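Chains as they are written, first to last, in numbering that gives the first Met the number 0: chain Y, 0 to 127; chain C, 0 to 127.
Quick reminder that beta carbons are idealized off the backbone N, C-alpha and C, glycines included.
Source: prediction; values computed, not measured.
Written below as structure tokens is the structure these notes are about.
There are 2 protein chains.
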Amino acid sequence: MNIGDMAEASGLPAKTIRYYEDIGLIRPHRGDNGYRVFTEADRQKLIFLSRSRSLGFSIEDCRSLLSLYDNRDRSSADVKNLAEEHLERIRVKIAELESLHRTLKHLIHKCHGDDRPECPILDDLAGA
Amino acid sequence: MNIGDMAEASGLPAKTIRYYEDIGLIRPHRGDNGYRVFTEADRQKLIFLSRSRSLGFSIEDCRSLLSLYDNRDRSSADVKNLAEEHLERIRVKIAELESLHRTLKHLIHKCHGDDRPECPILDDLAGA
DNA sequence: TTAATCCTTCCAGTGACCGGAAGGTCAAGC
DNA sequence: GCTTGACCTTCCGGTCACTGGAAGGATTAA
């Protein structure tokens, strides 16, 4: 399987697959023509990576998860810990965004939004 | 006022202030020694930028907001539009993160988190 | 044979900075 | 006057996770 087919099969752009090889997440071997040759195991890893990334895990998280995935002697506790740390980061981020949302909504509510220059939003940004 | 004092007064790192000059958000003039010299107007702009950034506006949003801030003939509607677009982006981002949060929480709940290798989190990531 | 499509590597850019190096300037103390 | 240390300058490289594009080799279909 060449990279184009692999891209289709995994849902990841070919560029991204090359990048994942660059940073050592996968190690496809090479044909005589220098082309990357992908196996079913490569496909499973790429799908694993695709799904992990889509859940917001960082590349380094993915590296750890992949190594746990490969390790038959793993403890599920290690996986759970990683996931819980990630969950907490998400929770914090949501809280930050909700605070921003409240502030901004409040400011927008106060602004008439007409053709006059007076604007409580700008006033607030200026620190008035 | 030199950049160090300005950094203290605005709450922005000196590095960031230089960067804002680089990309044309501010234009402090220079003393005979080549040092940047900041005025009260510069201070107000930097505080405006600091506050806008802390509300999550992008640099390009800040550029637009700053130009509206400087423009006596602005319409508050223009400001409100920018803010509303930003609010919507935040709303979408929160929804995405909440979806991630739910999915991840669900997965974590299913994982025993002990020293056995069986792990529903990895199973899910693998697409099982 | 030719053209189109694939593949390769390498370089540069994204956003919004941050760290650090090399070197000029300034104020204080001796 | 000299040194020391704190400040300032510019420039280069790194961050994260890719993405776009150029230059050139390989393969496939007509």
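Closer than 8 Å to chain C by CB, residue i
{"i": "Y:Ile-46", "result": "yes"}
{"i": "Y:Ala-82", "result": "yes"}
{"i": "Y:Ile-107", "result": "yes"}
{"i": "Y:Lys-104", "result": "yes"}
Beta-carbon neighbours of residue i, restricted to chain C and to distances below 8 Å
{"i": "Y:Tyr-68", "result": "Leu-121, Leu-124, Ala-125"}
C-beta neighbour in chain Y for residue i, strict 8 Å
{"i": "C:Val-78", "result": "yes"}
{"i": "C:Gly-55", "result": "yes"}
{"i": "C:Glu-59", "result": "no"}
{"i": "C:Arg-71", "result": "yes"}
{"i": "C:Arg-50", "result": "yes"}
Interface partners of residue i on chain Y, CB under 8 Å
{"i": "C:Asp-113", "result": "Ser-74, Ser-75, Ala-76"}
{"i": "C:Leu-64", "result": "Leu-121, Leu-124"}
Beta-carbon neighbours of residue i, restricted to chain C and to distances below 7 Å
{"i": "Y:Lys-92", "result": "Leu-96"}
{"i": "Y:Glu-117", "result": "Ser-75"}
Cβ pair residue i, residue j closer than 8 Å
{"i": "Y:Leu-124", "j": "C:Arg-42", "result": "no"}
{"i": "C:Ile-93", "j": "Y:Leu-96", "result": "yes"}
{"i": "Y:Pro-119", "j": "C:Arg-73", "result": "no"}
{"i": "Y:Leu-99", "j": "C:Ile-58", "result": "no"}
{"i": "Y:Ile-2", "j": "Y:Arg-35", "result": "yes"}
{"i": "Y:Tyr-68", "j": "C:Leu-103", "result": "no"}
{"i": "C:Gly-22", "j": "Y:Gly-126", "result": "Here residue 22 of chain C is Ile; the residue named in the question, Gly, does not match the sequence. Result no, Cβ atoms of C:Ile-22 and Y:Gly-126 do not sit closer than 8 Å."}
{"i": "Y:Gly-112", "j": "C:Lys-79", "result": "yes"}
{"i": "C:Leu-48", "j": "C:Tyr-18", "result": "no"}
{"i": "C:Phe-56", "j": "C:Leu-64", "result": "yes"}
{"i": "Y:Ala-16", "j": "Y:Met-5", "result": "The identity of residue 16 of chain Y in the sequence shown is Ile, whereas the question assumes Ala. Yes; because the gap between Cβ atoms is below 8 Å, this pair is in contact."}
{"i": "C:Leu-81", "j": "C:Asp-60", "result": "yes"}
{"i": "Y:Arg-62", "j": "Y:Leu-24", "result": "yes"}
{"i": "C:Ile-107", "j": "Y:Glu-84", "result": "no"}
Chain Y residues whose Cβ lies nearer than 7 Å to that of residue i
{"i": "C:His-100", "result": "Leu-86, Ile-89, Arg-90, Ile-93"}
Residue i (DSSP reduced to helix, strand or coil)
{"i": "Y:Leu-11", "result": "coil"}
{"i": "C:Asp-114", "result": "coil"}
{"i": "Y:Ala-127", "result": "coil"}
{"i": "C:Pro-119", "result": "helix"}
{"i": "C:Met-0", "result": "coil"}
{"i": "Y:Leu-96", "result": "helix"}
{"i": "C:Ile-25", "result": "coil"}
heavy atom of the ligand SAH below 7 Å from residue i C-beta
{"i": "Y:Asp-41", "result": "The ligand SAH is not among the ligands present in this structure, which contains no ligands whatsoever."}
Give, in chain order, every unbroken run of the beta strand (DSSP E) that is at least 3 residues long and sits entirely within the stretch 29-80 of chain C. Within the stretch 29-80 of chain C, no complete beta strand (DSSP E) run reaches 3 residues.
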